Amino acid sequence: MTEPRFDVTTIGDAMAAGIIHGWLAGDFALGLRFGAALAALALRRHGDVVTCRPVELTQLLATSTGHPLR
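Below, the structure written as structure tokens:
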């Protein structure tokens, strides 16, 4: 049996986008949380585009257990 293959082309871009969003909003710590969450979302999708509105990401972080679901 082969291991599942992850499309990792957007993980760094997703992380950077979250960090930049928080930095521009004046909350670098929030940017790190957004970046980590966006990178996790990038792992769950195939392709090079992760779309998510800030309100959806905030809701995701509020309901997250902080543990990866694998």
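Numbering (my numbering), first residue to last: 1 to 70. Heads up, the beta-carbon is just placed ideally off N, CA and C, and yes, glycines get one too. Since this is a predicted model, take the numbers as computed values, not measurements.
When you compare the CB positions of residue 34 and residue 18, do they come within less than 8 Å of one another, or not? Yes, they are a contact pair.
Cβ-based neighbour list, residue 150, same chain, cut-off 8 Å, excluding 5 preceding and 5 following: Because the chain here runs from 1 to 70, residue 150 falls outside it and cannot be looked at.
For residue 44 and residue 55, what's the separation of their Cα atoms in angstroms? Distance between the alpha carbons of residue 44 and residue 55: 19 Å.
With H, G and I counted as helix, E and B as strand and the rest as coil, what does DSSP make of residue 55? Taken through DSSP and simplified to helix, strand or coil, residue 55 comes out as helix.
Under the three-state reduction of DSSP, which class applies to residue 70: helix, strand or coil? Because the pLDDT at residue 70 is just 47, under 50, the model does not fix this residue reliably, and the value given afterwards should be weighed accordingly. Coil at residue 70, not helix or strand.
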